[in-house]
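First up is the structure itself, then whatever we jot down about it.
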Amino acid sequence: MSIDLQLDHNSAVLPHRQISDAIRQAIIEGKLSASEVLPPVRTLAQRLGVSRATVLRSYGDLVSQGYLDAAPGRGTLVAVRSFGPILPASPEQAHNCQDLMLSPYGQRLIQGEGPLESESGLAVVGRPPIGLVPINLWKDLICKHLSHRSDRRFATDRDEFGLKPLREAYCAYVRRARAVNCAAENVVVFSSRELRLNLLCRLLLEEGDIVAVENPGLPRIRQRLWTEGANVVPVRTDFQGLDVDQLKTLPSCKLVYVTPSHNEPTGAVMSPNRRRKLLDWAADTGAFIIEDDCDSEFRYDGRPLPSLQALDTKGSVIHISDCWKILAPVLKLGFMVVPDCLIEPVRRAKAQLEQELPAIDQLALTDFINNGHYEKSIRRLRSIYASRRKTTVDALKRSFGNSILIAPESAGLNITVRFRSTMPDREIVQLPASRNLLMIASQPYYAANPVRGEFVIPFAQLEEQEIAEGIKMLSAELLPSALE
Amino acid sequence: MARQWSDLEKLELAGYTTDPFGYRPLREALARYLNRARNVQCTAQRVAVFGTKRLRLDAIARVLLNPGDAIAFEEPGYPEAAALFSALGANLLPVRVDKDGMVVERLIQEFDKDQAIKLVYVTPSHQDPTGATLSLDRRYRLLDWARENRVFIIEDDYDHEYLYGAKRLPSLQGLDAGDRVIYLSSLWKILFPAVKFGFMVVPHCLEAAIQQSKYHLERSMPVAEQMALADFIDEGHLERYIRKSQSILAVRRRALLYALSKHLRDRVIIYGTGAGTHILVRLKTGLDDRQVEECAEQANLSLLSTRPFYRGRSPGDEFMISFANVFEDTVTNSVETFGALVNQQEMVLHSEPGA
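Here it is in structure tokens:
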């Protein structure tokens, strides 16, 4: 035999498997050629110091896999067949992939603007700090439900909208907390937050349809809608929220994505007047409104306005929210409340994507909400964030005085500030102090004409001491560069 | 799991949202496991963890298929995948399956010229419902053809874990030298419903596109489960558990086969018994498939018609009987009751006027 077979006696791989792997590899690499006769079982067994049964087993495996033939009277030989090389495709070869023939969607995906959001500072902004997740409580709930293996819901409830008890609990919660007008039938549970928008786009849009978004507004939303093939039109958004008059000038708009309870980065809350106008517009045109109710939990100056959905009588609003800000990274479920007319279409679309959601997570979250932990966690986080925010504002005022503008809205996990400086924005965010503060420029939030000198500080991520020190340091690094 | 939870607190910002393909140590554990068990050739970089099985097919199909594009599909074959591809506007081309799996020769002969095929969906380890394994010869032919014609192959390695006597062939992915195979696997047969993740090994050339596609479907997944699963694999529990359940399943399978031949005798032809958690049978009865299913349900026997697996005409009288939850002591009773119910139904039919 023209190969040198060696056994590794310390390997976890059994000897017979080692022998057959080596012979197979040799055949594939052409070291053993077609019709070449393998050593007799006894000879090979002696040479390798294994039993004959071991060698027999290897040969037998390879015969049944088609690599070897057993020829009576001649022994065991390599089968007559061309075996391609088993060498894995090399990366060089892989990057020769101009002619991939991707779908238009696939092409948009790889042409997408710049790196994934997660590679920029934006991923940090809006993320809850890990240290504040109620880990032990969550662990207890998970363990409790894991040990209830007799629970029939565990295996039998196959509702693609999620477990009924969870939908009921969530329904009660959003009615209570956000005045959302819904029944459990309108509530849809998703295994990931991203899937909601993905599904809605497929269901509601054709390629090239106009979708209005806030400007400034969440950059990832613009990117996602564009990838789905939408014609994304940014609409001016000021301190009263989205400018509905400008929206009305669009020729035909099928869908609008708004964050009425808290615009990122300006912090604006949509005014009651604009809410009314937006709903009237939707009722007239038949457009749908996606209300992203993010950050509604985190207002630091009194009760938030009820959701936009609460005012909707025509079934135009799709309300989305999630428990991400409370339970990430242990739980990533997303929720959507759909108007009656969309229940059936969404059910069908969702059945294509996910039919079953993690049962234990859903049961644990049901308890978490029903036992009041959910709202307790929000209150706890809110008071922590409120004091972190106050520290931030105080420190900024102390260090920068009149040379800084702080967005007035007291909500969310980030704070938006403007300073006037001769230093370019991209240099400012590279300052050691900016990096300690996780501060980023607000530029990505703008579809066009970003505001120079505007920055976002994710204060919720930072301990109060870090904030105070960071801001002091920032002023020391910035002030010499002529803050006017 | 306690360790994972305390790790979590130390996780800091260590990338729980930075990579849409999932928690890195889990991907490394999977790369090693899939190499050990299935000869899959890859680094963790190309292993993607998905929250559910369906999202994997969706991610691939949307990236590659235009409405009307063709995808070769086993006939009979996995109905869920067929429904998903059809809903995305793909044109399904049925390719017959025989005892050596998809008839690749036929695929090459018939479809090569007339129609551009973008994708082939194939289940080489254990074809559902026939139980066939794609022969080595066909594996190579399929790979060569795919490389020459720039077609991607989705290898759904569903149900590769349990084999009874049959020999295990290396995965298509492990034999692929053309960067053509998108390999799918999951632990559904083993850890459902505790673990619902689905895994994908992406060819080099699709890495960027699938990564973006994943990002738009689910940017990140719960991290504790991923940590636990990584340890479960690395500490050898997975393979131990597969071995253990394989021996339990082998007993159940034997009990079912014995009961079938004892109580249904020449009513039943058994085939496709080499792998997985069900056997395929043909039942000779005077009833339609629905009635047979009803009798089985009453007798507590988990039997399903293979009708949904056919896009063309189904042969009828063909059923899958699962032995996953069969108990040795009750299965004989179930099969006997089932036989009696079938007899009874046949009598009712015959006694009806005009029958």
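Heads up: the sequence lines are chains A and B, in that order.
Each position in the first sequence, counted from 1, maps to that position plus 1 in the numbering used here.
Number 100 in the numbering used here belongs to position 110 of the second sequence; there are no gaps in the numbering.
Beta carbons: idealized from backbone N, C-alpha and C, even for Gly.
| query | result |
| --- | --- |
| Go ahead and label PHE317/B buried or exposed: buried means 16 or more other beta carbons lie within 10 angstroms of its beta carbon, across all protein chains shown. | exposed |
| Name the DSSP beta bridge partners of PRO84/B, please? | PHE63/B |
| Going straight from the alpha carbon of VAL457/A to that of MET440/A, what length do you get? | 6 angstroms |
| Taking the straight line between their C-alpha atoms, what separation do you get for GLU428/A and ALA396/A? | 22 angstroms |
| Helix or strand or just coil, what does DSSP make of VAL214/A? | strand |
| Excluding five sequence neighbours on each side, which residues of the same chain lie with their C-beta closer than 7 angstroms to the C-beta of ARG275/A? | GLN241, GLY242, LEU243 and VAL245 |
| Locate the beta strand (DSSP E) running through MET190/B, then write down its first and last residues. | 188 to 191 |
| If the cut is a Cβ gap below 7 angstroms, which residues of chain A does GLY41/B touch? | SER192 and SER193 |
| Quick one: does LEU153/B have its CB under 8 angstroms from some CB of chain A? | no |
| Using a Cβ cut-off of 7 angstroms, pull out every chain B residue sitting near ASN403/A, in sequence order please. | Within 7 angstroms Cβ-Cβ: nothing; ASN403/A doesn't reach chain B, min ~34 angstroms. |
| Rounding to the nearest angstrom, what Cα-Cα distance links ALA387/A and ASP147/B in this structure? | 51 angstroms |
| Please say whether GLU161/A and ARG436/A have beta carbons closer to each other than 8 angstroms? | no |
| Kindly indicate the opening and closing residues of the beta strand (DSSP E) around TYR258/A. | 256 to 259 |
| Using the C-alpha atoms, what's the distance from GLU215/B back to TYR13/B? | 10 angstroms |
| Counting only beta-carbon separations shorter than 8 angstroms, does LEU45/B have a partner in chain A? | yes |
| For GLY67/A, which residues in chain B fall below 7 angstroms Cβ to Cβ? | SER125, LEU126 and ASP127 |
| If you count every other CB in all the chains shown that lies within 10 Å of the CB of LYS252/B, and 16 or more means buried, which is it? | exposed |
| Measure the alpha-carbon distance for LEU88/A versus ASN139/B and round it to whole angstroms. | Unreliable positioning characterises LEU88/A in this predicted model, as indicated by a pLDDT of 45, which lies under 50. The coordinate reading is nonetheless provided below. Their backbone Cα atoms lie some 20 angstroms apart in a straight line. |
| Taking the alpha carbon of TYR23/B as the point to measure from, which residue in LEU247/B, ILE223/B and ALA245/B has its own alpha carbon closest? | ILE223/B |
| Does the beta-carbon distance from ASN232/A to VAL212/A come in below 8 angstroms? | yes |
| Just to confirm, is the Cβ distance from HIS17/A to THR44/A under 8 angstroms? | no |
| Per DSSP, what kind of secondary structure is HIS146/A in: helix, strand or coil? | helix |
| Can you give the beta carbon distance from PRO220/A to THR238/A, rounded, assuming they're within the 8 angstroms contact cut? | About 14 angstroms separates the two Cβ atoms, so there is no contact after all. |
| In chain order, what residues of the same chain lie with their CB nearer than 7 angstroms to the CB of ARG158/B, ignoring the 5 residues before and after it? | none |
| Give me the chain C residues within the contact set of ASN199/A, using Cβ-Cβ distance strictly less than 7 angstroms, ordered along the chain. | The question asks about chain C, but that chain is absent: this structure's protein chains are A and B. |
| I'd like to confirm the pairing. Which residues does DSSP put opposite VAL418/A in its beta bridges? | ILE407/A and PHE456/A |
| What span of residues does the beta strand (DSSP E) with GLY335/A cover, start to end? | 335 to 338 |
| Taking only beta-carbon positions, decide if ASN11/A is within less than 8 angstroms of chain B. | no |
| Once you ignore the five residues that flank ASP9/A on each side, which residues in its own chain have a CB closer than 8 angstroms to its CB? | GLN19 |
| Is ASP323/A near the ligand MG, judged by its Cβ being under 7 angstroms from some heavy atom? | As for the ligand MG, it is missing from this structure, which has no ligand bound. |
| Is the distance from the Cβ of VAL190/A to the Cβ of PHE336/A below 8 angstroms? | yes |
| Starting from THR77/A, trace the beta strand (DSSP E) in both directions and tell me its first and last residue. | 76 to 79 |
| Can you tell me the Cα-Cα spacing of ASP256/B and LYS274/B, whole angstroms? | 8 angstroms |
| If I follow the unbroken alpha helix (DSSP H) through ASP70/A, where does it start and stop? | Not the alpha helix (DSSP H): ASP70/A falls in the beta strand (DSSP E), residues 69 to 72. |
| Please report how far the alpha carbon of PRO15/B lies from the alpha carbon of ARG230/B, in whole angstroms. | 20 angstroms |
| Would you tell me roughly how many angstroms separate the C-alpha atoms of ARG28/B and TYR130/B, rounded to the nearest one? | 16 angstroms |
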